[in-house]
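In the working numbering, the protein residues as written are 17 to 659. Virtual Cβ for every residue (Gly too), placed ideally from N, Cα, C. Bear in mind that the values here come from a model prediction, so they are computed numbers and not experimental data. What follows is a short report on a single structure.
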Amino acid sequence: MSNAISKSQNKEVTVKNIEEFISVSKVITPEEKDLILNDFNDTYAEYSKERTLVDIFEEQVKKTPNNVAVLFDNIEITYKELNERANSLAMILRENRISSDDIIAIISERSINMIVGIIASLKAGAAYLPIDSEYPENRINYILKNSNAKAILIQEKFKEKVNQEIFMYDLDDENLYKYKNDNLNKVSNGSNLAYVIYTSGTTGNPKGVMIEHNSIINYVLYAKEQYLNEENLYMPLYTSISFDLTITSIFTPLISGNTIVIYKEKEIDLLMKKVFQFEKNSVIKVTPAHLSLLKEIPNVNKNIRKIIVGGEELKESLAKEISAMFDNKIDIINEYGPTEATVGCITHKYDSTKQYDNTVLIGKPINNFKIYIVDNGNNMLPIGEIGEICISGNGLARGYLNNDKLTEEKFINNPYEKGQKMYKTGDLARWLSDGSIQYLGRIDDQVKIRGYRIELSEIDTEIRKIKDIKDVAIIARENNLGENEINAYIISEDSTILKKVKEQLKLTLPEYMIPQKFMLIDAFPLTPNGKIDKKALFEIKEENEINYVAPNNPLEEEIVDLWREMLDIDVIGIDDNFLEVGGHSLIATKIVYKINEIYNVDLSLVEFFTDGLTVRNLSNILEEKLFASISEEELESMLNEIE
Numbered sequence: 017m018s019n020a021i022s023k024s025q026n027k028e029v030t031v032k033n034i035e036e037f038i039s040v041s042k043v044i045t046p047e048e049k050d051l052i053l054n055d056f057n058d059t060y061a062e063y064s065k066e067r068t069l070v071d072i073f074e075e076q077v078k079k080t081p082n083n084v085a086v087l088f089d090n091i092e093i094t095y096k097e098l099n100e101r102a103n104s105l106a107m108i109l110r111e112n113r114i115s116s117d118d119i120i121a122i123i124s125e126r127s128i129n130m131i132v133g134i135i136a137s138l139k140a141g142a143a144y145l146p147i148d149s150e151y152p153e154n155r156i157n158y159i160l161k162n163s164n165a166k167a168i169l170i171q172e173k174f175k176e177k178v179n180q181e182i183f184m185y186d187l188d189d190e191n192l193y194k195y196k197n198d199n200l201n202k203v204s205n206g207s208n209l210a211y212v213i214y215t216s217g218t219t220g221n222p223k224g225v226m227i228e229h230n231s232i233i234n235y236v237l238y239a240k241e242q243y244l245n246e247e248n249l250y251m252p253l254y255t256s257i258s259f260d261l262t263i264t265s266i267f268t269p270l271i272s273g274n275t276i277v278i279y280k281e282k283e284i285d286l287l288m289k290k291v292f293q294f295e296k297n298s299v300i301k302v303t304p305a306h307l308s309l310l311k312e313i314p315n316v317n318k319n320i321r322k323i324i325v326g327g328e329e330l331k332e333s334l335a336k337e338i339s340a341m342f343d344n345k346i347d348i349i350n351e352y353g354p355t356e357a358t359v360g361c362i363t364h365k366y367d368s369t370k371q372y373d374n375t376v377l378i379g380k381p382i383n384n385f386k387i388y389i390v391d392n393g394n395n396m397l398p399i400g401e402i403g404e405i406c407i408s409g410n411g412l413a414r415g416y417l418n419n420d421k422l423t424e425e426k427f428i429n430n431p432y433e434k435g436q437k438m439y440k441t442g443d444l445a446r447w448l449s450d451g452s453i454q455y456l457g458r459i460d461d462q463v464k465i466r467g468y469r470i471e472l473s474e475i476d477t478e479i480r481k482i483k484d485i486k487d488v489a490i491i492a493r494e495n496n497l498g499e500n501e502i503n504a505y506i507i508s509e510d511s512t513i514l515k516k517v518k519e520q521l522k523l524t525l526p527e528y529m530i531p532q533k534f535m536l537i538d539a540f541p542l543t544p545n546g547k548i549d550k551k552a553l554f555e556i557k558e559e560n561e562i563n564y565v566a567p568n569n570p571l572e573e574e575i576v577d578l579w580r581e582m583l584d585i586d587v588i589g590i591d592d593n594f595l596e597v598g599g600h601s602l603i604a605t606k607i608v609y610k611i612n613e614i615y616n617v618d619l620s621l622v623e624f625f626t627d628g629l630t631v632r633n634l635s636n637i638l639e640e641k642l643f644a645s646i647s648e649e650e651l652e653s654m655l656n657e658i659e
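Below, the structure written as structure tokens:
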């Protein structure tokens, strides 16, 4: 059960009464049912379900062969050139018996050849499987084995992470792109797989979501119409391709004659500066965590027309602040959709003149999607009543790869439309009277961290595998910055267990899934009915494993105060390691921005992570930078004062 707290008019949705809201059936009138089914869900839009992404891309190549398809590191590649390179690689794949519904994994840093690999996989008839090159080796190999991938398109430096027999093609081998470059004969249709993306799973392992061509086409045609409805627009690609946010950033430009701008930078501060300062970027898709960094970036490109926000709840305060930066002349679009509903299925354009209830509405269903708010018995609820979001329509996933049981559990027969499936999201929401939807949290223990969907039970399972663990509780909470963080409460007689747990999780989980805080406790506090008391757990303070060392001077005191604010920790010693007390790249970026603003220095994120992971070390770096910035006249004046 989720610990998320949301407010809706005079009702407060808490752990205690979520079940009450969705288990007690509220009778819906025939008039309201008709309104929801035939008005709120009147989303029909004509498109061919037999076509594939390849069909639409190749049509665009014919229309705009000389338009720039991809810009990367000052290198441009046209639609014609991109198509020819993809054709060459696809022919090689096809001749090696790759065909429809086979799966090709892609393990690569962001690059032009990564895009070529994606398109080539589709042209060969296969589905592409994006795997983050930063994933731990164990996770990469689990995904490869579970998916039964037939081949990998990979960069040479990542081959050592693969420990199983599977054919690998080096994406940077230019010989792959010198073969036959004509369009291939079609072997796929709209019902074949286009891609598989793995998300966090409840069983302790990630699960693969299968998306067909007709589903992704439904989404990208809508996105083209709403986000990129003209040519010569630029859209940045800067996140991991294992995150389905990138579907928007890759395919929407490529079916509309526009340009993908690929960023290779890994340092989030430099990356986000480049994304938001490049004057040609006109449409940008972000998570709220990325959007919050925009407030700290100088010289922001004011040519940005649209910002699409997805992955997490969009707070009204953040939307209001960003909108004001652009004189309320920018479109901020809140896009909701689980991976199982092909990126996005509900959208809402933020209105700066409107008063929201803490978070921006997720809005109304997009083309060819139908949304139902239901109780535990899948009965439709009246307008204003809180229930579970269920999704139906052309954009649904085929199901979970090699997991029929979970597919049957989550993709049930739609009781309101014969012959259709309905996906049970686990998300809570309610209809408003105008047909908009207000998101209100989760029913279960799934959370979003920096846009990534995480099942807390997967973390729980990994920790329980470690020797000398007696019990574990993994809980998400909202910190004082309004962001979700994960806390791990561990019972063990081994006083060094926290260090062992952290080391083991680095080998098995992506960085974003590792809890920000770990606490070793003697026993779990319980409620009167015997359940774990989450509120009491939150009040337990994290004990630093290093002995506390107090600040020695005003500069260290100021840095400690900044860390306390950003990390939401009461006590921080000057020798405590930033990463050990819950820090991560986005928090580090905010700290670096603040330090540069306050002290008028040029501290980089690389310097922070290389030499500044303790307050003591960071203070030393700042002292050097501050001293170096003093002019000879100022230094002479200071020395005279001392004399």
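Throw me the rounded Cβ distance for the residue i and residue j pair, which I believe falls under 8 angstroms.
i	j	result
N274	Y250	7 angstroms
G326	G379	About 12 angstroms separates the two Cβ atoms, so there is no contact after all.
K551	N503	So it is not a contact: roughly 13 angstroms between Cβ atoms.
A165	A121	4 angstroms
D117	N208	6 angstroms
V236	I271	6 angstroms
P398	I44	5 angstroms
Using three-state DSSP, classify residue i as helix, strand or coil.
i	result
T275	strand
S645	coil
N429	strand
R446	strand
H306	helix
N633	helix
Y663	Outside the displayed span of the chain (17 to 659) sits residue 663, for which this structure offers no information.
V291	helix
I300	strand
T358	coil
R469	strand
P152	coil
D343	coil
I257	coil
F174	helix
Q462	strand
Y439	strand
K533	strand
By Cβ distance, which residues of its chain are closer than 6 angstroms to residue i, with the 5 residues on each side in sequence left out?
i	result
L619	V608, I611, N612
I213	V225, D260, T355
I405	T441, D443, A445
I470	S216, V463, M529
N83	Y95, G273
T477	G220
Residues bridged to residue i by DSSP?
i	result
L138	The partner list for L138 (beta bridge, DSSP) is empty, contrary to what the question assumes.
Y609	Looking at the DSSP assignment, Y609 forms no beta bridge with any residue, so it has no partner.
Y493	Looking at the sequence shown, residue 493 is not Tyr but Arg. R493 is bridged to E501.
P252	V277
H364	N350
Q454	R446
V488	I506
T94	V84
E404	V390, L444
A165	In DSSP, A165 forms no bridge with anything.
T375	K331, D373
M184	I168
P567	DSSP output for P567 lists no bridge partner at all.
I227	Y211
V325	V302, N350
I119	A143
S381	The sequence given here places Pro at residue 381; Ser does not occur at that position. Its beta-bridge partners are I362.
Can you list, in chain order, the residues of its chain with a C-beta nearer than 7 angstroms to that of residue i? Leave out the 5 residues immediately preceding and following it.
i	result
H306	M288
K301	L261, T264, S265, I324, G326
P431	N394
Counting only the same chain and skipping the five closest in sequence on each side, list residues whose C-beta sits under 8 angstroms from that of residue i.
i	result
N616	S645
(request) Could you say if the segment 604-614 and the segment 574-584 meet the contact criterion of at least three C-beta pairs nearer than 8 angstroms? (result) yes
(message) With three or more beta-carbon pairs closer than 8 angstroms as the criterion, would you say the segment 94-113 touches the segment 424-439?
(response) no
(request) Kindly confirm or deny that the segment 199-208 and the segment 169-187 touch, where touching means at least three C-beta pairs closer than 8 angstroms. (result) no
(request) Examine the Cβ distances between the segment 81-91 and the segment 268-282 and report whether three or more of them are shorter than 8 angstroms. (result) yes
(request) Pair every Cβ in the segment 386-403 with every Cβ in the segment 43-54, then say whether three or more of these pairs are closer than 8 angstroms. (result) yes
(request) Determine, using beta-carbon pairs with one atom in the segment 505-512 and one in the segment 480-495, whether at least three such pairs fall under 8 angstroms. (result) yes
(message) Three or more C-beta pairs under 8 angstroms: does that hold for the segment 144-157 against the segment 168-177?
(response) yes
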